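Chains as they are written, first to last, in the working numbering: chain A, 4 to 289; chain B, 5 to 267. Single-structure report; data block below.
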C-alpha cells in the first residue's frame, strides 16, 4: 500500500500555469467599489460626527433613553476633557481616539478624529456632498455587477455556495486557520459564503438603510421604514453594516497578503491567476 | 494532524498588513479639493440634482410623509439653529405677544396680502403628527397645526411664472467676521402646494413657542429640518433664486448645503 502511494507521488509533479480567473466586469466593479467604499466610510464618519449617537425606533430620545451608542466629550474629574464612548449603557474612556482626539495642545472635540473623516475638519455639508456622490456610484456599480453576474453566470458559478461548499465549510475554515490556501479555478466554500454575504446581503442592506434615512424616500416607499423598525433603527443598522464591512476589509486584505499578494493583485488587475496543478509525469495534461 | 505553522515570512506579511491599515490618515490631503468652490466639490455636488430629479419622479406630487399617533409624542420638539432671536423688530413683536405681527405675501402674485395671526388662524387649518428629521441625523415626533401654504397661495393668486416660494425670516445668523446674515429659505411650487406643507402656528396643542419659531414657521415634511424656516417675516413668490442671499436658495445652501434636502 505504502509503496503504491510512493510510486504515485513519484510520477506526479506540479506544473505552474496561469488561468483567466476574474472577468473584466468583476475587476472593474471591484476597484470602483474599493474607491467608493473608501470615500463612503470617511464621509460617513464626518456625517456621524454631526450627531454622534445611535438610537432604536423612529425618533431620537432626548427626554427618554433609546440610544444604543454615543460618543462624546465630557469634563473629567481633573477638569480636562475626556472622550466617553457608551455602548448599550456601558461607558469606556476613549480619550485620544473617540470623543476627544488630536495632540494635547490642540484637542479636537468630535466623535471620530479628523484623520478618519472627509474632509478632515468639521464640514457636514461637504461630507454629505461626498457621501451622496459615491452612494450613487456605489449603487450604480452594484446594479451593473448584479445584472452582469446574473447574465454571465458569475453569480451562480462563483458566488452562490453549493451544498458541497456548505458541507466542506468546517474543513475550509480549518485550512484557513492553518494558512493553507487552495489556489484553484474557483473560490472555496468560505470565500463564496463571505462574498455572498457581502455582495448579496450587506451591500443591498447598506443601500436600503441609506434610502430609509431619506425623508423623500419615506414618502415614496413608506413600508421600507417599517421593515427596518424606524428611521433611527435604519441609521443604527447602516452604522453596524459599516462596521461589518470594515471587518470584512481587514480580513480580505490580510488574506490577499497571506495567499500571495503579487498573484492575487495580478488576478484582480489583469485577470490572470497562477495555479499549481498536478501533472502526471510523461502523461497527457489533464 | 499537521501542526499549525506560521513561518517567519508569513508573520512578517501579517505584520505588514496590520501596519498598512494604521496610517489611513492623510485625509487632509483631500481637503483642498473639497473646499468651497473647488472643481471636484462642485462636480460631486451635481449628484444632488440627480437625487432631486429621481425623487421627484419616484415620489409623486401628493404622496404624504408618514403621520404618527398621539402616543408617539414622547417629548417636546427639540429646538435647533436659532432659538432666541435678538433682532430688535422681533423682540418688539414678541414682547407684545405678536399682536402687531403681519405676514406679507408678495412677489409674483395677483393680490399681495398682509395677514395677522388671527386672520391666519381663521383660514382652513391642518393638524399633523410628523417626524422632524434634522440634517445632523436626529429625529423628533411632534404635532403641528397651521394653515396649508396652498390656501395662502390661492388667496394671493400665484402667477404662472412663479417657480419658487421664498421665506424671509426675522432671525439673523452670526457668521463671525462677515457679520449677521438674515435667515431665508426657498422651496419649489410642488412642495409649496403639497397637502402637508403648512404655515404652523401651533405645536403640540400649544401656540408655537419662540424656540421653535414663533409666531409662524413652515413645515415641509418630505425634506430635512433646515428647509423649514422659522420666524417667518414674509413670503415672496419668485421665478429665480439668484436675487436672494448668495443665490443658492437659502441660508444653509449659501454655506454649501444642498438646496434639495429630501435625502
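Glycine included, C-beta positions come from ideal geometry on N, C-alpha and C. As the structure is a prediction and not an experimental result, all values here were calculated from the model.
Only 139 and 140 from the segment 139-167 of chain A bring a Cβ to less than 9 Å from some Cβ of chain B.
If you draw a 10 Å sphere on the C-beta of residue 215/A, you find 16 or more other C-beta atoms in it, and that means buried. Chain B has no Cβ within less than 8 Å of the Cβ of residue 115/A. Cβ neighbours of residue 268/A within its own chain (closer than 8 Å, five residues either side excluded): 259. Between residue 189/B and residue 69/B, the C-beta spacing is not below 8 Å. Against chain B, the beta carbon of residue 129/A has neighbours under 7 Å at 38, 45 and 260, listed in chain order. With respect to chain A, the C-beta atom of residue 76/B has a partner C-beta closer than 8 Å. In the same chain as residue 172/A, and ignoring 5 residues on each side of it, the C-beta atoms closer than 6 Å to its own belong to 192, in chain order. Non-local C-beta neighbours of residue 23/A in its own chain, meaning closer than 8 Å and more than five positions away in sequence, comprise 274, 275 and 276, ordered along the chain. The straight-line gap separating the alpha-carbon atoms of residue 128/B and residue 204/B is approximately 12 Å.
Counting only the Cα atoms, residue 146/A lies some 11 Å from residue 153/A. Within the segment 168-194 of chain B, contact with chain A at the beta-carbon level (separation under 9 Å) is assigned to no residue.
Between residue 45/A and residue 34/A, the alpha-carbon positions lie close to 17 Å from each other. About 5 Å separates the Cβ atoms of residue 124/B and residue 151/B, confirming a contact at the 8 Å cut-off. A contact is defined here as three or more CB-CB pairs under 8 Å, and the segment 241-257 of chain A meets this definition with respect to the segment 195-211 of chain A.
Considering only beta carbons, no part of the segment 200-222 of chain B lies closer than 7 Å to chain A. For residue 267/B, the chain A residues whose Cβ falls inside 7 Å of its Cβ are 135, 217 and 219, in order along the chain. Listed along chain B, the residues sitting closer than 8 Å to residue 54/A by beta-carbon distance are 138, 140, 141 and 142.
Taking the Cα positions, residue 225/A is about 22 Å away from residue 140/B. For residue 97/A, the closest Cβ of chain B is not nearer than 8 Å.
Listed along chain A, the residues sitting closer than 9 Å to residue 32/B by beta-carbon distance are 117, 118, 122, 123 and 124. In the structure shown, residue 132/B adopts extended strand secondary structure according to DSSP, grouped into three states.
Among the residues of chain A, those whose CB is under 7 Å from the CB of residue 55/B are 135, following chain order. About 29 Å separates the Cβ atoms of residue 54/B and residue 239/B, ruling out a contact at the 8 Å cut-off. When DSSP reads this structure, residue 138/B sits in no beta bridge, so it has no partner. Between residue 121/A and residue 34/B, the beta carbon gap of about 6 Å places them in contact (Cβ cut-off 8 Å).
Unbroken alpha helix (DSSP H) runs of no fewer than 4 residues, entirely contained in the segment 170-233 of chain B, are found at 193-196, following chain order. In this structure, the CA atom of residue 167/B is about 6 Å from the CA atom of residue 192/B.
The alpha-carbon of residue 250/B is positioned some 55 Å away from that of residue 263/A.
Taking all protein chains in view, the Cβ of residue 123/A is crowded by 16 or more other Cβ atoms within 10 Å, so the residue is classified as buried. Residue 133/B sits away from residue 209/B, with the two beta carbons spaced by 8 Å or more.
Along the segment 231-244 of chain A, going in chain order, the ones with a CB nearer than 9 Å to a CB of chain B are 233, 234, 235 and 238. Shown here, residue 160/A sits in a helix according to DSSP, grouped into three states.
When secondary structure is reduced to three states using DSSP, residue 143/A falls in the helix class.
The C-beta of residue 106/A comes no closer than 8 Å to any C-beta of chain B. In the structure shown, residue 16/A falls within a strand segment according to DSSP collapsed to helix, strand and coil.
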